[in-house]
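Asks:
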Amino acid sequence: MLNNDAAHLPISTGSALLIYGWTMQDFVLTLWAAYVVILIVTKLPDFTRAAARIVGGIQRAWRQLKEWKHGSED
């Protein structure tokens, strides 16, 4: 049923761009989107660690500010 090798030739040689009506811009945008997804996936663990540090620092600074403010009233 799917033993026709003619369908695999355009896909493997890159001529599918012409056959299926893709322009070079579509191809480049597809590659760019794949690149961005790969970057996001590889940097996500670093981002979560950095975000946790930033949130922790803001919470610590806010707590110190509140302690300083309440301490100055006494």
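Going letter by letter, the sequence shown gives residues 1 to 74 in our numbering. The C-beta atom is built at its ideal place from N, Cα and C for all residues, glycine as well.
I need the straight-line Cα distance from Trp32 to Thr42, nearest angstrom please.
Replies: Position 32 of the sequence shown, counted from the start, is the residue given in the question as residue 32. Position 42 of the sequence shown, counted from the start, is the residue given in the question as residue 42. Cα-Cα distance, rounded: 15 Å.
Asks: Classify Gly56 as helix, strand or coil using the three-state DSSP reduction.
Replies: By 1-based counting over the sequence shown, the position of residue 56 is 56. If DSSP states are grouped into helix, strand and coil, Gly56 belongs with the helices.
Asks: Where does Trp62 fall in DSSP's three states?
Replies: Along the sequence shown, read from residue 1 onward, the residue named residue 62 stands at position 62. Residue state, collapsed to three classes: helix.
Asks: Measure the C-alpha to C-alpha separation of Val55 and His70 and round it to an integer number of angstroms.
Replies: Start at 1 with the first residue of the sequence shown, and residue 55 comes out as number 55. Start at 1 with the first residue of the sequence shown, and residue 70 comes out as number 70. Cα-Cα distance, rounded: 22 Å.
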